[in-house]
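Asker: My questions will all concern the structure given below.
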Amino acid sequence: MHVQSIPMWTGKGNNYAYLVTDEPSKKSVIIDPANPPEVAPEVKSQISTGKIDLAAIVNTHHHWDHAGGNDEMLAQFGKLPVIGGSNCKSVTKTPAHGEEFKIGDRITVRALHTPCHTQDSICYFMQDGDQRVVFTGDTLFIGGCGRFFEGNAAEMHKALNQTLAALPDDTKVYPGHEYTKANVKFCLHVSQSEPIKKLQAFAEANKETQGKFTIGDEKLHNVFMRVNDPEIQKATGKTDPVDVMAALREMKNAM
Ligand SMILES: [Zn+2]
């Protein structure tokens, strides 16, 4: 499995599209190609040089800065399946929670429904041999999580601390935006733990952090995945994990 990040709206939304390729068959999917002027030339060049065979568009959720490029991509690349949440533009297939499908010969994809940021949010866990990655859209960021636009703290707690936390610890995280610097600032406001300081040092030295951290790392440095940590409970004044999640989100929103 080869994962290529395609940054979009750098300096503004700091979004990422991702081109995921099954190397033996060259079958590929493009995840959240929301700004075709920045994505299509790269995809086109790889098709014309025989590096990839584009098989589908995949969306993490319906927001315009994730699914808003679908129609333009379909116009440029022909009739492709659009795999995504039920409210995504021109979606043709919404996988059920836990449903699996293949990309080419080797990549197995498992859809994980993680409603909260939007009700149609889906994370995609992909495995090729012992290589494991997850595309988390605006549900899980490095050191943070998405806003609760269409859901509540109980749903985000379930998404992060049950659904995503159950993935193997060595699963690399590819989020929908590069927000790590701002996220680590908030984490430090809540806790000065060593893993958070390490994440801060990495974010200071590197512009891009996607694919550099794992679910295991997030459990250590992401305060939204540490709702049972007494230090985080103390900082929020709450003990129930859902209350801690709600308080963290309110504190972050106010920052
Ligand atoms: Zn969003």
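All residue numbers for the sequence shown refer to full-length UniProt numbering, where the first residue is 1 and numbers rise by one. Cβ atoms here follow ideal geometry from the backbone N, Cα and C, with glycine treated the same way. The structure displayed is predicted, hence computed values, not measured ones.
At the level of alpha carbons, what is the spacing between N152 and A246?
Answerer: As a working mapping, residue 152 is identified with position 152 in the sequence shown. As a working mapping, residue 246 is identified with position 246 in the sequence shown. In a straight line, the C-alpha of N152 is about 8 Å away from that of A246.
Asker: DSSP beta-bridge partners for P175?
Answerer: On the sequence shown, residue 175 is found 175 positions in, with the first residue counted as 1. For P175, which the question treats as bridged, DSSP gives the partners G137.
Asker: Can we count H63 as close to ligand 1, meaning its CB is less than 6 Å from some heavy atom?
Answerer: Position 63 of the sequence shown holds residue 63. H63: yes, Cβ under 6 Å from ligand 1.
Asker: Based on the DSSP output, what are the partners of C145 in its beta bridges?
Answerer: On the sequence shown, position 145 is the one that residue 145 refers to. Answer is L140, bridged to C145.
Asker: Would DSSP call L112 helix, strand or coil?
Answerer: On the sequence shown, position 112 is the one that residue 112 refers to. The answer is strand: DSSP assigns L112 an E or B state.
Asker: Please look up how many angstroms separate the CB atoms of I196 and L164, rounded, as I've assumed it's under 8 Å.
Answerer: On the sequence shown, position 196 is the one that residue 196 refers to. On the sequence shown, position 164 is the one that residue 164 refers to. Actually they are not in contact, since the Cβ atoms of I196 and L164 sit about 19 Å apart, beyond 8 Å.
Asker: If you run the structure through DSSP and keep just helix, strand and coil, what is K93?
Answerer: Here the question's residue 93 lines up with position 93 in the sequence shown. Residue state, collapsed to three classes: strand.
Asker: From which residue to which residue does the alpha helix (DSSP H) around L248 run?
Answerer: In the sequence shown, residue 248 corresponds to position 248, counting from 1. Judged by DSSP secondary structure, L248 falls within the alpha helix (DSSP H) whose first and last residues are P241 to A254.
Asker: Using DSSP's beta-bridge definition, name the partner residues of P7.
Answerer: Indexing the sequence shown from 1 puts residue 7 at position 7. In DSSP, P7 forms a bridge with Y16.
Asker: Alpha helix (DSSP H) containing F202: first to last residue?
Answerer: As a first step, residue 202 must be located in the sequence shown, where it is residue number 202. Here the alpha helix (DSSP H) through F202 covers E194 to A205.
Asker: Quick check on this structure: which residue in N228, D138 and G129 has the alpha carbon closest to the alpha carbon of Y16?
Answerer: By one-based count along the sequence shown, residue 16 stands at place 16. Among N228, D138 and G129, the Cα nearest to that of Y16 belongs to D138.
Asker: Ligand 2 and G50: does the residue's C-beta get closer than 6 Å to at least one heavy atom of that ligand?
Answerer: In the structure shown, ligand 2 is absent; the only ligands present are ligand 1.
Asker: At the level of alpha carbons, what is the spacing between A111 and I122?
Answerer: Residue numbering aside, residue 111 sits at position 111 when the sequence shown is read from its first letter. Residue numbering aside, residue 122 sits at position 122 when the sequence shown is read from its first letter. C-alpha separation (whole angstroms): 6 Å.
Asker: Less than 6 Å between the CB of D120 and some heavy atom of ligand 1, yes or no?
Answerer: Start at 1 with the first residue of the sequence shown, and residue 120 comes out as number 120. Flag unset: Cβ of D120 not near ligand 1.
Asker: According to DSSP, what are the bridge partners of K27?
Answerer: Sequence index remark: in the sequence shown, residue 27 carries index 27 (1-based). Partner(s): D53.
Asker: Assuming D120 and H62 make a contact with CB atoms under 8 Å, what is their CB distance in whole Å?
Answerer: By one-based count along the sequence shown, residue 120 stands at place 120. By one-based count along the sequence shown, residue 62 stands at place 62. Confirmed, about 5 Å.
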